[in-house]
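Per the numbering used here, the very first residue in the sequence shown carries number 3; after that it's consecutive.
Beta carbons are placed, not taken as given, at the ideal position from N, Cα and C, and that holds for glycine.
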Amino acid sequence: MLVKGYHIRDLSLADEGLRRIAWAEREMPVLRLIRERFAQEKPLAGLRISAC
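In structure tokens, the structure reads:
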């Protein structure tokens, strides 16, 4: 069984992150289009992705 674990270093940065996401959606409309498309298609469903 795979247990999902999350490590959040500084939760106080969440609001700033949301502001940056909103800015990117306003200033880069293609990101909004990609988000809408992928929300329907779910091309990454079932994949496990990691980054560092």
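Coarse secondary structure for residue i, derived from DSSP in three states
| i | result |
| --- | --- |
| Pro52 | Looking at the sequence shown, residue 52 is not Pro but Ser. Three-state DSSP puts Ser52 in coil, outside helix and strand. |
| Arg11 | coil |
| Ala47 | coil |
Pair within 7 Å by beta-carbon distance, residue i and residue j
| i | j | result |
| --- | --- | --- |
| Glu27 | Arg34 | yes |
Endpoints, the alpha helix (DSSP H) within which residue i is located
| i | result |
| --- | --- |
| Leu35 | 31 to 43 |
Beta-carbon contacts of residue i that lie in its chain and below 8 Å, excluding the five residues immediately before and after
| i | result |
| --- | --- |
| Trp25 | none |
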